[in-house]
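If you read the sequence shown in our numbering, its first letter stands for residue 2, the second for the next number, and so on. All remarks here apply to the structure that follows.
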Amino acid sequence: MRPVYLMDRVPRTGAEAEALRRRVESNPNYRGVLVNTAGTAAMVVANFRGDADPGAIAVAAQSIRSRFESASLRVHVVGAAVLRVREASALRRAVLAVLALAGWVSMAAIFFLGARGAVATAAAALLAGCWSALFSAGLGSAPWSFYAIPVAALLAAVFAQCDRLGARLQLLLCAAIALPLGALGLALPRPPSAFALAAAAGAVLASTAAALLPLRPAATQRALAHRRGAAIAAAVLIAALPGLAFERSSFGLLGYAARYSIGTAARDARALQRLFPPPSSLVIRAEGDPGFVAEPEVLRAFEGITLAASRDPAVERAMSLADVVKMVHQAFHDGVPEFFAIPDDRGLITRYLTLAYSPAFRRFVNRSLSRAAIWVYVRGDRPADLEKVLGRVRSQLHHQPIPRARVTLAGGDGATLLVTARGAWALAIGWAAAIAAASALLAFVSASGAGALALGGAIAAAVTGGALGWSGIPIDLVSLPAILGSGAAGAAFAAAIKVAQEPRLAALAAAFGAGAGGMLFVPHAAGRIAGAALLGTAAAGWLASPWWRDGARRLSPHLRAHSTPLN
Numbered sequence: 002m003r004p005v006y007l008m009d010r011v012p013r014t015g016a017e018a019e020a021l022r023r024r025v026e027s028n029p030n031y032r033g034v035l036v037n038t039a040g041t042a043a044m045v046v047a048n049f050r051g052d053a054d055p056g057a058i059a060v061a062a063q064s065i066r067s068r069f070e071s072a073s074l075r076v077h078v079v080g081a082a083v084l085r086v087r088e089a090s091a092l093r094r095a096v097l098a099v100l101a102l103a104g105w106v107s108m109a110a111i112f113f114l115g116a117r118g119a120v121a122t123a124a125a126a127l128l129a130g131c132w133s134a135l136f137s138a139g140l141g142s143a144p145w146s147f148y149a150i151p152v153a154a155l156l157a158a159v160f161a162q163c164d165r166l167g168a169r170l171q172l173l174l175c176a177a178i179a180l181p182l183g184a185l186g187l188a189l190p191r192p193p194s195a196f197a198l199a200a201a202a203g204a205v206l207a208s209t210a211a212a213l214l215p216l217r218p219a220a221t222q223r224a225l226a227h228r229r230g231a232a233i234a235a236a237v238l239i240a241a242l243p244g245l246a247f248e249r250s251s252f253g254l255l256g257y258a259a260r261y262s263i264g265t266a267a268r269d270a271r272a273l274q275r276l277f278p279p280p281s282s283l284v285i286r287a288e289g290d291p292g293f294v295a296e297p298e299v300l301r302a303f304e305g306i307t308l309a310a311s312r313d314p315a316v317e318r319a320m321s322l323a324d325v326v327k328m329v330h331q332a333f334h335d336g337v338p339e340f341f342a343i344p345d346d347r348g349l350i351t352r353y354l355t356l357a358y359s360p361a362f363r364r365f366v367n368r369s370l371s372r373a374a375i376w377v378y379v380r381g382d383r384p385a386d387l388e389k390v391l392g393r394v395r396s397q398l399h400h401q402p403i404p405r406a407r408v409t410l411a412g413g414d415g416a417t418l419l420v421t422a423r424g425a426w427a428l429a430i431g432w433a434a435a436i437a438a439a440s441a442l443l444a445f446v447s448a449s450g451a452g453a454l455a456l457g458g459a460i461a462a463a464v465t466g467g468a469l470g471w472s473g474i475p476i477d478l479v480s481l482p483a484i485l486g487s488g489a490a491g492a493a494f495a496a497a498i499k500v501a502q503e504p505r506l507a508a509l510a511a512a513f514g515a516g517a518g519g520m521l522f523v524p525h526a527a528g529r530i531a532g533a534a535l536l537g538t539a540a541a542g543w544l545a546s547p548w549w550r551d552g553a554r555r556l557s558p559h560l561r562a563h564s565t566p567l568n
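Shown next, in the form of structure tokens:
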């Protein structure tokens, strides 16, 4: 045997460069992995020890960029260590953007609520948000628990605007939200349970913050002058809901970096996504007695798994120790294609694995030949594709079990994505059940507002999800809590408006909508998520406010003639 380098030296002539290109394009382990399929980009991969200093790695990586980047060569640096580093200029721009958005929302609140109403709303939201942050930190499940902080702030803004609810109805509304969410938090596994528990506590803290504030906003009739709210609400619903058809889920780590990082870190992550779309790996582990992987029937079972997985169109490639043994067997027979097969001699396989064992083999088998890994790479990070491929693997294992082996399904980042997606799905279902339970509880104790609570929650979540779909932001662990939080706040908003018939609450809906209108056009994904959540909450308020009913009455004489039975 002799080592053969893919590139033993940098090509100096066009012929040498063309020979290197042919070697790369003929090997699936290089094409699309180290060199992109278009041949316009190459990847350099560096692995570091676990005790390496991330800050030093990031500084060194940035120095590579500044050293080699030129007018004809773009250099992108991506990695966990690099993503932790934020450029000071990018942070300053982000702070300025946040301040500009806060100013926009404040101006909208002052216009619709008046200065006193805006101050009361902001004070309640800030107090509830601070309390909720302290409670969420105590749960120790960041970032899940911290996603409930905006929910508490929105609920406090709603409660602070309404005097006519009264202590009893406000307590009832708070209990209708907090109790089902608390039960959901106890039923779900961690970490999704942390979001539900923090949201339940946030509802209590929001009600407390609003009740303790001595400042009460003066009544305003400004909202009643803007009776085009019905047309605005209809336009928002018609425009936002079709966006649900474009919504998808994405829980991959690189996707988070591309969407939520700032500065060059975000640009580099997006470049890697575009040039080298990372697959999601599923790892099937087989364990047995030392040397068991050298059995021909064991390797054939490995081969059956990779062949079954490869038949799925979502699978990019699948490899196991069987492929390695076939390559070594062919190499020992001068590359004759007929020898690319699994030998029938166990002793020969053992000698191959002993002679050819190298650090690269550790990806497939350990030194004692007692544990082996099968790698399946699935394109993208769609949970449905991962579930389908894993189902193929299970079916293959049922028809052709691995002899004398304990099989573990599955490891890799794909398995992490599946666990995350299942937790998110359980949280969404539990949230819907909590809204239904809250409506039932409110209907049992008091008939007022039960239907508005259920409808408001559904509309708020649907509008938020549709707006995110139009914005191109997938459902992930940042956007999903925003959808659910908007639904909870929208449910309380609609129920409060229905019960109290308070004009200030209708004005608050207008302020939310105006704030959302500015935030939806923010380039950064986090700003658009916040705008979509505000838009969904505002839509729930618009539906329950007098704007909607007054506008509907004017739309048709038939509706005007039957307004009493409709109400």
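Where is the CB? At the ideal position from N, CA and C, for every residue including glycine.
task = Kindly give me the distance between the Cβ atoms of D477 and S251, rounded to whole angstroms, as I take these residues to be in contact under 8 angstroms.
result = 5 angstroms
Exercise for review: Tell me where the beta strand (DSSP E) around W376 begins and ends.
Suggested key: R372 to V379
How close, in whole Å, do the beta carbons of I498 and A545 come, if the pair is a contact with beta carbons under 8 angstroms? 4 angstroms
Practice task
Give the DSSP-derived three-state secondary structure of G80 in the structure shown.
Solution key: coil
Open item on the list: Quick check on the burial criterion: 16 or more other C-beta atoms within 10 angstroms. Buried or exposed for Y378?
Closed with: buried
**Message:** Taking the alpha-carbon of N30 as reference, which of V394, M320 and V79 has the nearest alpha-carbon?
**Reply:** M320
Task: M8 burial status per 10 Å Cβ neighbour count (16 or more: buried) - done: exposed
Hey, L276 and A42: beta-carbon distance below 7 angstroms or not? yes
*Collapsed DSSP secondary structure at R66 in the structure displayed*: helix
- Task: Let me know the secondary structure DSSP gives R186 once reduced to three states.
- Result: The identity of residue 186 in the sequence shown is Gly, whereas the question assumes Arg. Helix.
Once DSSP output is grouped into helix, strand and coil, what is the label at I484? helix
Local conformation of E317 per DSSP, three classes:
strand
Problem - Expected contact under 8 angstroms - CB spacing of G466 and L245 to nearest Å - result: 6 angstroms
*Whole beta strand (DSSP E) runs in the region 116-143 with 3 or more residues, listed along the chain?*
none
### Query
What are the residues that DSSP puts in a beta bridge with G412?
V284
- Query: Which partner residues does S250 have in the DSSP bridge list?
  - Reply: I476
Who are V366's beta bridge partners in DSSP?
A373
query = Does the pairing of the region 479-487 with the region 517-533 give three or more beta-carbon distances under 8 angstroms?
reply = yes
| query | According to DSSP, which residues form a beta bridge with A43? | reply | V36
Check your understanding: Hey, how far is the Cα of V329 from the Cα of I350?
Key -> 9 angstroms
task = Please check the pair A188 and G431, which I expect to be a contact at CB under 8 angstroms, by giving their CB distance rounded to whole angstroms.
result = 7 angstroms
Does DSSP put R405 in a helix, in a strand, or in coil? coil
7 angstroms Cβ shell around S137 - same chain, five flanking residues per side excluded: S146, F147, A149, I150 and A199
Give me the Cα-Cα distance between A201 and P181, rounded to the nearest whole angstrom. 8 angstroms
| message | With distance defined between alpha-carbon atoms, name the residue in A438, A495 and S359 nearest to A184. | response | A438
Considering only the beta carbon of each residue, do A129 and A179 sit closer than 7 angstroms?
no
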